[in-house]
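If you're matching them up, the sequences are chains H and W in order. At position 34 of the first sequence (counting the first as 1) the number is 53 in the working numbering, and the numbers step up by one without a gap. At position 187 of the second sequence (counting the first as 1) the number is 216 in the working numbering, and the numbers step up by one without a gap. Positions of the beta carbon are idealized from the N, C-alpha and C atoms, including for glycine. Written out below as structure tokens is the structure these notes cover.
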Amino acid sequence: MRPHAGAPPSRRRFLALAAGGAVAGSAALNGCAMQVSTGVSGPGETVTLMVKPDDISPELIKQAQNDIGVKIVTVRYDITKLIGMMTNGSPPDLVRGVGAVDAPYFAARDVMEELDPYFAASSVLKADDLDPVNDLWRYDGRTQGKGPRYGMAKDFSQDSMYWYNTALFDKAGVDLPPETEPVTYEQWLESAKRLTQRRNGQTTVFGGSYNGVLTPNLLASLTVSAGGSLFSDDFSRVDFTTPEARKALGWYVEYCRARVGPSVIQPDPNTWDGPTYQANRMAMSNSGYWLGGLINGDEKLAPLSRLAPAPVFEGGARISPCQAGTGLWMPRKARNKDAAWRVFEWFFGEAPAEARASSGWGIPTLKSLRHLMPSQKSYQQRVLEVQEAELQYFSVIAFTPYATADSLYALFNQIAPAAMKGDMTVDTLAGRLNSAMNKQLERGKEQVG
Amino acid sequence: MTVGHIASVSDRAGSRTGSDGARATVRPLTSMTTRRHRAFYLFASPWIIGFLLLTIVPMAYALWLSFTTFDGISPNWRYVGLGNYRELFADSQTWDALRRTGLFAVTSVPLSIAAGLGLAVLVNRPLKARGLFRTLLYLPAVVPPVGAGLAFKALFDQNSGAANGVLTLFGFDALGWLNDPYARYVLLMTVLWSAGNIMIISLAGLQDVPRELHEAAHLDGASAWRTFRSITVPLLSPVLLFQTVTGVIASVQTVMPLLLSPDGTTQGVTAIAQSNYMYMMHVFADYFALGRYGYASALLWVLFVLILIVTGLIFRFTSGVVFYNVDPEAKK
Chain H
20 MRPHAGAPPS
30 RRRFLALAAG
40 GAVAGSAALN
50 GCAMQVSTGV
60 SGPGETVTLM
70 VKPDDISPEL
80 IKQAQNDIGV
90 KIVTVRYDIT
100 KLIGMMTNGS
110 PPDLVRGVGA
120 VDAPYFAARD
130 VMEELDPYFA
140 ASSVLKADDL
150 DPVNDLWRYD
160 GRTQGKGPRY
170 GMAKDFSQDS
180 MYWYNTALFD
190 KAGVDLPPET
200 EPVTYEQWLE
210 SAKRLTQRRN
220 GQTTVFGGSY
230 NGVLTPNLLA
240 SLTVSAGGSL
250 FSDDFSRVDF
260 TTPEARKALG
270 WYVEYCRARV
280 GPSVIQPDPN
290 TWDGPTYQAN
300 RMAMSNSGYW
310 LGGLINGDEK
320 LAPLSRLAPA
330 PVFEGGARIS
340 PCQAGTGLWM
350 PRKARNKDAA
360 WRVFEWFFGE
370 APAEARASSG
380 WGIPTLKSLR
390 HLMPSQKSYQ
400 QRVLEVQEAE
410 LQYFSVIAFT
420 PYATADSLYA
430 LFNQIAPAAM
440 KGDMTVDTLA
450 GRLNSAMNKQ
460 LERGKEQVG
Chain W
30 MTVGHIASVS
40 DRAGSRTGSD
50 GARATVRPLT
60 SMTTRRHRAF
70 YLFASPWIIG
80 FLLLTIVPMA
90 YALWLSFTTF
100 DGISPNWRYV
110 GLGNYRELFA
120 DSQTWDALRR
130 TGLFAVTSVP
140 LSIAAGLGLA
150 VLVNRPLKAR
160 GLFRTLLYLP
170 AVVPPVGAGL
180 AFKALFDQNS
190 GAANGVLTLF
200 GFDALGWLND
210 PYARYVLLMT
220 VLWSAGNIMI
230 ISLAGLQDVP
240 RELHEAAHLD
250 GASAWRTFRS
260 ITVPLLSPVL
270 LFQTVTGVIA
280 SVQTVMPLLL
290 SPDGTTQGVT
300 AIAQSNYMYM
310 MHVFADYFAL
320 GRYGYASALL
330 WVLFVLILIV
340 TGLIFRFTSG
350 VVFYNVDPEA
360 KK
């Protein structure tokens, strides 16, 4: 029966109306969500960057407006937010990413814009000027390092290298590592043990920190250094039980057990090595050239600090990979691609790139900018020589497209602490890591198709 | 006049609108009733629409996800029916996390209620600077959990924390507070630290206890403890029930272990000390570290149903002991 005009809505009718309103509102919210890119063209264009606050300063954003006439809107990088924006069909125009691990993952899911046509047409970013580190952003549908380019690194380091504090070596009476020849991983760990100082159950000086950028790509790098490969040929499985992977895993577990440096069972509250190293509480820090940005700014610390080549395993290959190659990529459904590319060129090839190159926070990713790397002071020249000699050992270590590095890292964190505390053998750990990580990779492979 | 009463008047009025003679006299009443109904729905609709939009729609979406292998980005996700539910019930981590969470709830809820009630009794006494004490004791509850987590992390850090500073000052060895087996105690301390919330609600309840009942008990020679047990606690029982229910719900949903984690990043969630790896940590890890949106949604739905069951059980088992101070005639 239809209610007469003016009658109050029944509860049922009211709820039905409210539900209808909610559905409509939901659709409207969905449409409005994260609509931050205007998609307009011509002067005064707006480009949305999903980045971390350190990636681009407010001053640089203003400078972009002056230099290229593009307004940059930033959205704080968050993978969940990124997925939400992409699901809504309104992704940012450029997104931060760690080339070493993100490029194959996103490219395999067909959400990245292929940038080869843009590079081909660019007068700022020329293919022959690109440092090989940018190959981390290439993926041919099967292997990282080959095929089309999907992004570019803003700067890089060879992340298996390490810095050391000569004053702490002298204090502990430990010989300084050579600057031209690598030590073995075993020698590195032995020195770290001798350099570590403890009092009343507290570590007052960490002998050395060696955690790489993310544990999974550290373990992949260590395994290659030991002469093997962590991943199967099609990247659909890991195997920690091969002699090389077992050696790499065993070394890392031994490093954690010895408690000579931060690890998942002995975390550094600073969450990165910089402040601890700067406070003279860490003798060796497994950080590449980029840490020089911090060290150069400290007049007391800089003359005491030296950079050393990446260690090697006895009988293994000498390699010195980049484990990050952080940069930007363009989502395939970005709405303002041309303006985004203009920002891309400016960020990677113009004033911001020059400023980064001269700051010491990483090696520039354009060969033509190398001459800007800091070399005014004698200690800077010394570091630069070590770094230049190390470049010949650079290599791209391909990562699996079937899982995020974060997911493999989370699984490692869940299983490995027992082994690090001595409650589980390395062989058992290897088996359990295989089981957990291969399940994750299997799910990823099924979803990529 | 209650809304129900207005509705019944309206119904009666509506039934008489067929009579032409009555229409003239009924119209003003109908109009008034309609206006009141409209006002009611107008005021209620923001909440109802918000509830539908922000609770029912996401819950329904999560329910749908729980039947899929969706990971947020991969193209080939598929419907798996009850597959995620079967997997989670067979997953030992789910049961372990549930067991820890249950243990945490049965420990932290009584402890925090006892602490909050104890503080309320203290600051209900005629003390000097009582207002200051109330403010100071309530202050920690105002600190956002993120700030509290950071403060506790700094305080209990093994190498630079103040807690170990005190221990080493007295010649003891430093402890790894944020690792097993101590991490669970630090977590409990964070709960007790914010007992001010419970204190303030208990204090309001205490101030509602009629003074004459205490005076009568005193005249009858009852001890302070007997008075507290036989008069104060029964009269506070609805407040205690409220705190138990909300406390249990909050404790099973706690994310404080993540804030105390040495590595507060998404992938660091699994580095949490084993004893603090609660159910929500398991959910968080599956959602954000492993990207298993479907499986994690199933975990959340199971938690939702469990909370409903536990809340129902609490109400059922306390129905005979909770004293509601209402006029029995009011129901008639």
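When secondary structure is reduced to three states using DSSP, H:Gly108 falls in the coil class, being assigned neither helix nor strand. For W:Phe317, the CB contacts under 8 Å within the same chain, skipping 5 residues up- and downstream, are Thr295 and Val298 in chain order. H:Asn184: member of the beta strand (DSSP E) spanning Tyr181 to Asn184, first to last residue. Sequence-distant Cβ neighbours of H:Tyr308 in its own chain, meaning closer than 6 Å and more than five residues away, are Ser176, Ile382 and Gln406. H:Ala127 sits close to H:Tyr421, with the two beta carbons spaced by under 9 Å. Given a length threshold of 4 residues, each whole run of the alpha helix (DSSP H) inside the stretch 412-462 of chain H is given here in chain order: 424-434 and 436-439. For H:Gly344, there is no enclosing beta strand (DSSP E), as DSSP marks it with neither H nor E. When secondary structure is reduced to three states using DSSP, H:Gly164 falls in the strand class. Close to W:Ala183, with beta-carbon spacing below 8 Å, are these residues of chain H in chain order: Pro288.
When the alpha-carbon of W:Gly205 is set against those of W:Asn193, W:Gln122, W:Phe199 and W:Leu216, the nearest one is in W:Asn193. For H:Arg325, the enclosing beta strand (DSSP E) covers residues Ser324 to Ala327. A buried status is given to H:Asp425, since no fewer than 16 other beta-carbon atoms sit within 10 Å of its beta-carbon.
No Cβ-Cβ contact shorter than 9 Å links H:Ala359 with H:Val120.
Per DSSP, the continuous beta strand (DSSP E) segment holding H:Arg217 begins and ends at Gln216 to Arg218.
Taking a 10 Å sphere around the C-beta of W:Glu244, we find fewer than 16 other C-beta atoms and assign the residue as exposed. Taking the C-beta atoms as reference points, H:Phe138 is found nearer than 9 Å to H:Arg168.
H:Val70 counts as buried, since at least 16 other C-beta atoms from the protein chains shown sit within 10 angstroms of its C-beta.
In this structure, DSSP gives H:Lys90 an extended state, which the three-state scheme calls strand. Using a CB distance cut-off of 9 Å, H:Glu209 does not count as an interface residue toward chain W. In the three-state reduction of the DSSP assignment, W:Ser74 falls in the helix class, which pools H, G and I. Annotated as proximal: H:Val257 and H:Asn453, with beta-carbon spacing under 9 Å. The Cβ atoms of H:Tyr181 and H:Asn305 sit closer than 9 Å to each other. In this structure, H:Asn315 is the residue among H:Asn315, H:Pro330 and H:Val143 with its C-alpha nearest to the C-alpha of H:Ser324. The Cβ atoms of H:Tyr398 and H:Ala321 lie closer than 9 Å to each other. Close to H:Gly346, with beta-carbon spacing below 9 Å, lies no residue of chain W; the smallest spacing is near 19 Å. Spatial neighbours of W:Arg213 in its own chain (CB-CB distance under 7 Å, excluding positions within 5 residues in sequence) are listed in chain order as Ser304 and Asn305.
At a beta-carbon threshold of 8 Å, none of the residues of chain H lie near W:Thr347; the nearest stands roughly 31 Å away. Secondary structure of H:Asp258 (DSSP, three-state): coil. Taking C-beta separations shorter than 8 Å and ignoring five residues to either side along the sequence, the partners of W:Ala246 in its chain run Arg255, Thr256, Ser259 and Ile260, following chain order.
Closest in C-alpha terms to H:Glu364, from the list H:Gly246, H:Leu134, H:Ile102 and H:Lys81, comes H:Leu134. Residues of chain W with a Cβ closer than 9 Å to the Cβ of H:Met105 are, in chain order, Gly101 and Ile102. Between the stretch 233-242 of chain H and the stretch 264-281 of chain H there are three or more inter-stretch CB-CB distances shorter than 8 Å, so the stretches are counted as touching. DSSP assignment within the stretch 270-339 of chain H yields the following whole alpha helix (DSSP H) runs of 4 residues or more, N-terminal first: 292-297 and 311-314. Residue contact with chain H for W:Asp120: absent (no Cβ-Cβ distance below 9 Å to any residue of chain H).
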